[in-house]
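Sequential numbering from 11 applies to the first sequence in our numbering. For glycine and all other residues, C-beta sits at the position ideal for the given N, C-alpha and C. As the structure is a prediction and not an experimental result, all values here were calculated from the model. Following: one structure in structure tokens, then a few remarks.
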Amino acid sequence: MKIATFNINGVKARIEALTAWLDAEAPDVALLQEIKSVDEGFPREIFEDRGYRVETHGQKGFNGVAILSRLPLEDVARGLPGDDTDEQARWIEATVIGRTAVRLACLYLPNGNPAPGPKFDYKLAWMARMKARVAQMLTSEMPLVFGGDYNVIPDPIDAARPEAWVEDALFRPESRAAFRAILNLGLTEAIRIRDPRPGIYTFWDYQGGAWQKNNGIRIDHMLLSAQAADLMRGAGIDKAVRDGDKPSDHVPVWIELDA
DNA sequence: ATGGTGGTCATACCA
């Protein structure tokens with residue numbers, strides 16, 4: 011079972027790049043962030059024609075997450091628990107039925123800039139809610155996969171120019187500590203465990219020729235429970251997608267599970 | 001200190 015996560019930065023603007031990638035890499039499951047679409051506006055037929063089931067959790071203009079799956083999905087749940095007043099669409103869960111059933115969460119963690127400020131407070135509060143939800147889900151026997159845009163640079167080796175990010179919400183100590191606290195519940199970070207070398211990125215800003223200069227950061231992550239980590243047979247990043255026509259500023263990250 | 005790019009919705013906000 012190949013599971014990928016991809017912040018597409020607008021589904022309507024990314025139809026061609028997204029379908030070209032799906033056709034080339036054929037993930038069984040694609041976790042999408044920043045669809046920037048309401049549920050009714052999501053071009054689901056384009057994906058259904060390719061054999062994917064489509065589950066969305068959208069909102070107008072910003073944010074929004076979706077799950078595409080060639081395998082059956084069960085028990086879809088929308089929204090991150092812990093704050094009934096939070097209207098931002100950043101979390102969707104489902105169980106994918108392979109040879110083994112796997113519980114997935116597709117997440118778009120708040121950016122948090124400028125920091126300090128209310129947006130940074132929202133980011134940290136959201137991460138505390140995520141930690142609580144992960145802890146709750148870990149009581150399940152099922153393998154768990156948490157994939158998405160975390161908007162966290164875990165370590166200095168995950169940025170080409172870490173010194174440029176020290177004041178940024180993506181790299182501030184509070185954000186990195188909250189990320190580590192989630193990992194410390196017992197999750198494995200797939201890319202880091204498979205290849206701990208520096209210089210592996212998933213995002214290059216549209217501005218300043220960041221892609222051409224390889225001025226990237228690694229902020230899209232796949233976190234696995236112990237049961238899921240035991241099933242992992244591979245992990246990687248589809249970096250070439252960033253060189254295509256009208257690319258997202260993020261590229262896909264994937265894992266292969268024996269499930 | 002400023003503007004640099006891109007998506008969405010509407011001429012501003014978010015990243």
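| Item | Value |
| --- | --- |
| Can you give me the Cβ contacts of M271 inside the same chain, cut-off strictly under 7 Å, excluding the 5 residues immediately before and after it? | Residue 271 falls outside the range modelled here, since the chain spans only 11 to 269, and no answer is possible. |
| According to DSSP, V64 sits in a beta bridge with which residue or residues? | L78 |
| Secondary structure at Q217, three-state DSSP: helix, strand or coil? | helix |
| Please report the Cβ distance between E26 and D255, rounded to the nearest whole angstrom; I am assuming they are in contact, meaning their Cβ atoms lie under 8 Å. | 7 Å |
| Between the region 129-143 and the region 199-208, are three or more C-beta pairs nearer than 8 Å? | no |
| Specify, as a first and last residue, the run of the beta strand (DSSP E) that A87 falls within. | 83-88 |
| Within 8 Å, do at least three Cβ pairs link the region 234-250 to the region 43-59? | no |
| Just mark K70 as buried or exposed, buried being the case when its beta carbon has 16 or more other beta carbons within 10 Å. | exposed |
| Mapping the DSSP letters down to three states, classify T198 as helix, strand or coil. | strand |
| In the DSSP assignment, the beta strand (DSSP E) including I13 goes from what residue to what residue? | 12-17 |
| For A34, name the three-state secondary structure that DSSP assigns. | helix |
| Within a Cβ cutoff of 8 Å, which residues of the same chain sit near L134, ignoring the five residues on either side of it in sequence? | G122, E184, S185, A188 |
| Suppose you measure from the CA of G218 to the CA of W175; what does that come to, to the nearest Å? | 15 Å |
| How long is the line joining the alpha carbons of R80 and D38, rounded to whole angstroms? | 5 Å |
| Could you give the DSSP three-state label for T105: helix, strand or coil? | strand |
| Within 10 angstroms of its Cβ, does Y216 collect 16 or more other Cβ (buried), or is it exposed? | exposed |
| Kindly indicate which residue of P82, E84, N17, L233 has the alpha-carbon position closest to the one of R100. | N17 |
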